[in-house]
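Q:
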């Protein structure tokens, strides 16, 4: 019988596994990975700071809508028969309408605008001026009355007389003064050969552009308005010294059809055709100059009326 207390053979337990240790290569690899992730986070944050902020518009946040810029109004389309035309705003010095506005053309009696401007620089209102009329008779006029006659009725003998009286009877000296004056005003496209604008055999009495005629007319209106006062009337009554009064009809037959007219001057010769320059107040003391060159006797008036109506419509916008 076996003794239960007899010693049993010892039970052998497995030895504990040795503790694993990370190799130096694995440690370095994991550290590098952590550093890379950290650097990526920092880089991403910096990029985010540089990008423009996008506002988060929710339903409760009103969105501001910027008003669109208003398109400037356009001058109405106008067809004119004239070779050249312009509408020039005296208040802004801007061109509102132009058709060949810089083309140099014969001026005809628009020349007389410069004639009276230069002559009255030396002649006083009451200066006596002798005029040889078409019948060869000598008339005695006051410079002021003769100036009105010249501009209203385009009186050629009167224009010559003003030129001679102003320049001490030196005709060519006066022509030089006219051309010097246009240079002083910066109107280089104007050129004058006589004080009337009448054609020679194959040369006009003066040349210029519609734009520079407008600027000349505007200059006189702004600086010597008294010279133009009579030109807005359909007729005037004047008289030579010691003579009976004369009814002087304006060569602009459309005066009564141009509300707001402040001044006008016509011109007609074979080389020029029919010309017309006016100053028109389109409302609230806003004057414009409208010039027609190279039209016909009748069409110049219809042309000017079209442009006047279009200008009023345009500036009312």
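In my numbering, the protein residues as written are 165 to 481.
Cβ atoms here follow ideal geometry from the backbone N, Cα and C, with glycine treated the same way.
Give the range of the beta strand (DSSP E) segment to which residue 293 is assigned.
A: Segment 292–296, the beta strand (DSSP E) holding residue 293.
Q: Helix, strand or coil: how does DSSP classify residue 439 here?
A: Note: residue 439 maps to strand in three-state DSSP.
Q: One question on the structure: do residue 311 and residue 282 come within less than 8 angstroms of each other, judged by their Cβ atoms?
A: The answer is no: Cβ separation not under 8 angstroms.
Q: I'd like to know whether the C-beta atoms of residue 430 and residue 415 end up nearer to each other than 8 angstroms.
A: Against a cut-off of 8 angstroms, the Cβ pair of residue 415 and residue 430 comes out as a contact.
Q: How would you write the range of the beta strand (DSSP E) that residue 459 sits in, first residue to last?
A: Its beta strand (DSSP E) spans residues 451–459.
Q: Which same chain residues, not among the five before or five after residue 349, have their C-beta less than 8 angstroms away from its C-beta?
A: Contacts found: 379, 380 and 383.
Q: Hey, residue 418 and residue 469: beta-carbon distance below 8 angstroms or not?
A: For residue 418 and residue 469, yes; Cβs fall inside 8 angstroms.
Q: Excluding the 5 residues preceding and the 5 following residue 474 in the sequence, name in chain order all residues of the same chain whose CB lies nearer than 6 angstroms to its CB.
A: Around residue 474: 240 and 242.
Q: Give the C-beta separation of residue 368 and residue 435 to the nearest angstrom, bearing in mind that I take them to be a contact with Cβ-Cβ under 8 angstroms.
A: At roughly 5 angstroms, the Cβ-Cβ gap stays under 8 angstroms, so residue 368 and residue 435 are in contact.
Q: So does the segment 263–272 actually touch the segment 349–366, counting three or more Cβ pairs closer than 8 angstroms?
A: The segment 263–272 is in contact with the segment 349–366.
Q: Applying the 10 Å Cβ sphere with the 16-neighbour rule, what's the burial state of residue 275?
A: That one is buried.
Q: Quick one: which unbroken alpha helix (DSSP H) runs of 4-plus residues sit fully inside the segment 378–433? Chain order, please.
A: Whole alpha helix (DSSP H) segments, 4+ residues: 389–392.
Q: What does a CB cutoff of less than 7 angstroms around residue 472 pick up in its chain, not counting 5 residues either side in sequence?
A: Taken in chain order, the residues that qualify are 422, 444 and 454.
Q: Under DSSP, the beta strand (DSSP E) around residue 302 begins and ends at which residues?
A: From DSSP, the beta strand (DSSP E) with residue 302 extends over 302–306.
Q: Quick check on the DSSP output: the beta strand (DSSP E) that includes residue 260 runs from which residue to which?
A: Here the beta strand (DSSP E) through residue 260 covers 258–263.
Q: Would you kindly check if the distance between the Cβ of residue 236 and the Cβ of residue 478 is under 8 angstroms?
A: In this structure, residue 236 does not lie closer than 8 angstroms to residue 478 by Cβ.
Q: Taking 7 angstroms as the line, does the beta carbon of residue 460 fall inside it for any heavy atom of the ligand GTP?
A: This structure does not include the ligand GTP; it has no bound ligands of any sort.
Q: Taking the alpha carbon of residue 413 as the reference point, which residue from 424, 394, 296 and 371 has its own alpha carbon closest?
A: It is 394 whose Cα lies nearest to the Cα of residue 413.
Q: Grab me the residues of residue 297's own chain with a C-beta within less than 7 angstroms of its C-beta, minus the 5 sequence neighbours each way, in chain order.
A: Answer for residue 297: 303 and 321, listed in chain order.
Q: Residue 405: buried (16+ other C-beta within 10 angstroms of its C-beta) or exposed?
A: The residue in question, residue 405, is exposed, as its Cβ has fewer than 16 Cβ neighbours within 10 Å.
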